[in-house]
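Report on the following structure.
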Amino acid sequence: MVDYITILIYALISIVVFAVLLSTVAVLTLAERRISAFMQDRLGPNRVGPWGLLQPVADGIKFIMKEDVIPLEVNRFLYILAPLMTIIPAMLAFAVVPFGHDLFLRGRVINLQVANFDIGILYIFAIAAMGIFGIIIGGWASNNKYSLLGGLRSASQFISYEIAMSLAVIGILMVYGSLRLNDIAQYQGSLWFGFIPKWGILVQPLGFIIFIVSVYAETNRVPFDLPEAEAELVGGYHTEYSSMKFAFFFMGEYANMITASALIATLYFGGWQVPYLHNIGFIFPKLGIFHLQQWLVALIEILSFAIKVGFFLFLFLWIRWTLPRFRFDQLTDLGWKVLIPLALLNIVVTGALMMLRII
Amino acid sequence: MMMINFSSAFIFIVVGVVFVAVTLLIARLVRPAEPNVVKMSNYECGEDPIGYSWITFNIRFYIIALIFVIFDVEVVFLFPWAVVFKSIGWIAFWDVLIFIVILLFGFAYVWNMGDLDWIKDLGNLKESEDKQ
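Chains A and B are the protein sequences, given in the same order.
Taken in order, the first sequence gives residues 174 to 532; the numbers are from this note's numbering.
Taken in order, the second sequence gives residues 887 to 1018; the numbers are from this note's numbering.
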């Protein structure tokens, strides 16, 4: 028997999550420019609305009103398909990210996430990999030398860092023993020696470093932004794109950043966990229990998740203005000769430590 | 439960596709369209583009791409292993250690042959060509 009310609740969650994701993308485009400006001792866009807060709206209207120039020599079908193949997977990957405890609602268990798939993290990897196809296809279909080089660089970058990223995550899966992101977040609430929360960063410090470096490469952010290096490739894979199609590439990149930040927070920083907060309230070891309503607990957890994701988004921008861009041979060397051996070592060491009951 | 998960993911997909389609449709209705030949040409820093970019091109990383396929299969093997690792214990540990060591032999060979380098070192080859 299908429970229609539960489906309705999940439909509501889906729409809310989608709206929040889109508005975060919008705010992030502004935040990127404002924070870049502050780091360079400028003011940044501050004219549209208070503190420039309406700037994303103005940008959106401008994107819609712009003429869409499709060059004559492109492969039209693939050219139009490419931005769609970038933005839709970027949005969908967020579906399995959990942002709170299960809620109990008149006998129903509601997961605070869009879909609690058994294969959680594999879903994110699979869907996020689709986004790279959009970039490669867009680069090829444009029939432009800059775009082609950007697309090829993206392909090579993807195959160099995808393995290191997956291998780093395997360490986490060994420790927590589940592919569901909700379970992974749940286990990180358990305590080590009775008072230290067992967050991924403490259990897998090496895995965390490998993962965060690979994620930066996968999202094409500085210092790994070679597919769109503006100093050498004009715009890289989106040189020939204009109007809304360019906006889709742009939004896809930001949505990928958000999913990446959410993934870093969930795997290594406890996701929605707040130390000592359980579904009945705060339980301090040796100090006692402080009861809270489940609505309040959910609210605190969503806030904690938002703060963690916000911090990692800020880290993306921070690193952009801290590190220079890699040269291409350095980039492949880092992926293949440093990160992959380290990730394999991480798996073996994690296995040994787990067998010796240290982790 | 699985049914509900899939239906909520489906709703998410539908919302995503509808959003993209509606935005494109609105843009299509609103934006101007005044094409001309110069505007519709490919961008090559203002010059007339020379030839197509769909040419035979050394992408350099095709051996890396082949190694990627092998390693990706390895990752696929490791995912289910990692999930049940805790409940199986030492046997699982030794099995995968042997698996990784065998793989590392191949990796070391490829590394030694210089196939992981972006610019492959052809030093000896060039010297012998010079002698001739």
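The beta-carbon is built from N, C-alpha and C at its ideal position, and this holds for glycine as well.
Note that the coordinates shown come from a computational prediction; the quantities given were computed from them, not determined experimentally.
Closest to residue 976 of chain B by CA distance: which of A:444, A:531 and A:525 is it?
A:525
Output yes if chain A places a C-beta closer than 8 angstroms to the C-beta of residue 909 of chain B; else output no.
yes
Interface residues of chain B around residue 341 of chain A at Cβ under 9 angstroms?
Those do not exist, as residue 341 of chain A stays about 11 angstroms from chain B at its closest Cβ, beyond 9 angstroms.
List, in order along the chain, the chain A residues whose C-beta lies closer than 9 angstroms to that of residue 975 of chain B?
528
Is residue 203 of chain A a contact residue of the ligand MG, with contact defined as CB to any heavy atom under 7 angstroms?
Looking at this structure, you won't find the ligand MG or any other ligand, since it has none at all.
At a Cβ threshold of 8 angstroms, is residue 534 of chain A touching chain B?
For chain A, the structure presents residues 174 to 532; residue 534 of chain A sits outside this window and is missing.
CB contact flag (residue 353 of chain A, residue 291 of chain A, <8 angstroms):
yes
For residue 180 of chain A and residue 217 of chain A, what's the separation of their Cα atoms in angstroms?
44 angstroms
Report the neighbours of residue 891 of chain B on chain A: residues whose CB is nearer than 7 angstroms to its CB, in chain order.
288, 289 and 290
Anything in the segment 481 to 505 of chain A with a Cβ closer than 8 angstroms to a Cβ of chain B? List those residues in chain order, please.
501, 502 and 505
Quick check on the DSSP output: the alpha helix (DSSP H) that includes residue 249 of chain A runs from which residue to which?
249 to 265
Beta-carbon separation (whole angstroms), residue 412 of chain A vs residue 315 of chain A, contact threshold 8 angstroms:
Contact holds; Cβ gap of about 7 angstroms.
Expected contact under 8 angstroms - CB spacing of residue 544 of chain A and residue 285 of chain A to nearest Å:
No statement about residue 544 of chain A is possible, as the shown extent of chain A runs from 174 to 532 and does not include it.
Run down chain B in chain order and give the residues with a C-beta less than 8 angstroms from the C-beta of residue 413 of chain A.
The answer, in chain order, is 928 and 929.
So which residues of chain B does residue 191 of chain A contact, with C-beta pairs closer than 8 angstroms?
898, 901, 902 and 905
Rounded to whole angstroms, what is the Cα-Cα separation between residue 430 of chain A and residue 490 of chain A?
10 angstroms
Outcome for residue 215 of chain A when other beta-carbon atoms lying within 10 angstroms are tallied against a minimum of 16:
exposed
Residue of A:203, A:327 and A:427 minimising C-alpha distance to residue 397 of chain A
A:327
Out of A:483, A:509 and A:358, point me to the one whose CA is closest to residue 443 of chain A's CA.
Ranking the options by Cα distance to residue 443 of chain A, first place goes to A:358.
Are the beta-carbon atoms of residue 445 of chain A and residue 480 of chain A separated by less than 8 angstroms?
Between residue 445 of chain A and residue 480 of chain A, the CB-CB gap reaches or exceeds 8 angstroms.
Using a 10 Å radius around the Cβ and a threshold of 16 neighbouring Cβ atoms, would you call residue 999 of chain B buried or exposed?
exposed
State yes or no: is the beta carbon of residue 938 of chain B nearer than 8 angstroms to at least one beta carbon in chain A?
Contact of residue 938 of chain B with chain A is assigned, a C-beta pair being separated by under 8 angstroms.
Apart from the five residues just before and just after residue 344 of chain A, which ones in its own chain have a Cβ nearer than 7 angstroms to its Cβ?
377, 380, 519, 520 and 523
Are the segment 331 to 343 of chain A and the segment 500 to 520 of chain A touching, with three or more C-beta to C-beta distances below 8 angstroms?
yes
For residue 482 of chain A, the first and last residue of its enclosing alpha helix (DSSP H):
Per DSSP, residue 482 of chain A belongs to the alpha helix (DSSP H) from 467 to 493.
What do you get for residue 895 of chain B, buried or exposed, if any count of 16 or more other CB atoms within 10 angstroms of its CB means buried?
buried
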